[in-house]
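Presented below is the structure to which this report refers.
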Amino acid sequence: MPTYGGIDLGGTKIQTIVMRGEDHTVLGQARRLTPHAGGPPAVIDALVACMSEAAAAAQLDVAHLDGIGAGVPGEVDASVGTLARAGNLPEWEHRVPLAAMLSERLGTGVKLGNDVSVAANAELLLGAGRGAKSLLGVFWGTGVGGGVALDGELWHGRGDAGEIGHMVVKQGGARCTCGRRGCMEAYAGRRAMEAKAKRMVEKGHHTDLFEIMRERGRETLSSGVWAHALAHEDKLAQRLIERAVKALGGGIASAVNLLDVELVLLGGGLGTRFGEPMLERILAAMKPHLFKNEHPPTLRLASLGDLGGAIGAALLCE
């Protein structure tokens, strides 16, 4: 059987796998933190190293893989393999020929796709979305990404469909990493939540979030840090998560009103970490905004977990 590599590049971590074609068995995997400095060269070095580690774990030479797919955040042009305006990556504004650069370093062909779209496609084909005719995948992590499936197939629109994180939930609201105001991601993205927590601490609010981060040897407020703070009833953490849930509820409900999908899947680092109880909170936040709140869509956790994005990326090669 052919073997494919899959790369899931996020603002917090890089996840790579080697997957066997046809039966989609994961043969090896690796994970690294995404560099927070050094620009595209540092990120590309980390991608090459992480993909090579996954191949070694599968007892394969990375250059002998039948192809590698990479799910990446930002403005992706899959036809030419470039990535630009990746706001959650360090100093990645200008267009970079990422597919060609990775292909040269890894010794095999590389295809790019949007990170959330490929994860949503993996859930549609292999995970919690199997059998659904329509779904909205919401991936809550460093940012907030989305993927849409209509009539059983992923909907790409003109190339950028599914950017639910940049749906405006408050006119003139908080500044988003994209430079605009009022986006859902400005309230619910992990990066934006961390920035808000820092500003509140500077104004005199108390929280143990940053102490927990240091104790765990983290450089950012990871999903585990947030979960630990909530478990210990940290008031600021509770306040910021509630703010995020309200934004998610309003934005997801608006998307459901427009598309009338039958299924909403919640994934991403924060979504996976918080699990089923968070689904209930998000549904409660959606209901005041749903046109038909007596008939909401089914809400379900993405079932492929941390490997979903990398599996979806590997599927680009089939």
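For reference, each letter of the sequence shown is one residue, going 439 to 756 in the working numbering.
Where a beta carbon is used, it is the ideal one built from N, C-alpha and C, also for glycine.
Since we're looking at a predicted model, the values are computed, not measured.
Residue i to residue j span [Cα, whole Å]
i           : j           : result
residue 673 : residue 552 : 35 Å
residue 708 : residue 680 : 13 Å
residue 647 : residue 742 : 28 Å
residue 570 : residue 643 : 45 Å
residue 498 : residue 596 : 37 Å
residue 443 : residue 483 : 16 Å
residue 616 : residue 525 : 6 Å
residue 757 : residue 573 : Only positions 439 to 756 of the chain appear in this structure, which leaves residue 757 out of reach.
residue 650 : residue 737 : 31 Å
residue 585 : residue 645 : 34 Å
residue 732 : residue 723 : 14 Å
Per-residue DSSP class, three states only, for residue i
i           : result
residue 729 : coil
residue 681 : helix
residue 621 : strand
residue 609 : coil
residue 599 : coil
residue 714 : helix
residue 754 : coil
residue 443 : strand
Host beta strand (DSSP E) of residue i (start-end)
i           : result
residue 451 : 451–458
residue 628 : Not the beta strand (DSSP E): residue 628 falls in the alpha helix (DSSP H), residues 628–640.
residue 465 : 464–471
residue 658 : Run containing residue 658: none; DSSP gives neither H nor E here.
residue 736 : 736–739
Extent of the continuous alpha helix (DSSP H) to which residue i belongs
i           : result
residue 650 : 647–653
residue 483 : 477–495
residue 663 : 661–669
Report yes or no: do the segment 557–572 and the segment 513–526 share at least 3 C-beta pairs separated by less than 8 Å?
Contact check between the segment 557–572 and the segment 513–526: fewer than three CB pairs, one atom from each, fall below 8 Å, which does not count as touching.
Entirely within the segment 516–587 and at least 4 residues each: give me those alpha helix (DSSP H) ranges in chain order.
For the segment 516–587, whole alpha helix (DSSP H) runs of length 4 or above, ordered along the chain, are 536–544, 553–564.
Taking 8 Å as the threshold, find out whether the segment 650–669 comes into contact with the segment 699–716 through three or more Cβ pairs.
Judged by Cβ distances under 8 Å, the segment 650–669 makes contact with the segment 699–716, as three or more pairs qualify.
Does the segment 605–617 come within contact of the segment 733–749, defined as at least 3 CB pairs closer than 8 Å?
A contact is defined here as three or more CB-CB pairs under 8 Å, and the segment 605–617 fails this definition with respect to the segment 733–749.
How about the segment 528–543 and the segment 580–591: do they share at least three Cβ pairs that are nearer than 8 Å?
Remark: fewer than three beta-carbon pairs, one from each stretch, lie closer than 8 Å, so the segment 528–543 and the segment 580–591 are not flagged as touching.
Count the CB pairs spanning the segment 634–642 and the segment 682–693 that are closer than 8 Å, and state whether there are at least three.
Taking a cut-off of 8 Å on C-beta distances, the segment 634–642 does not touch the segment 682–693, as fewer than three cross pairs fall below it.
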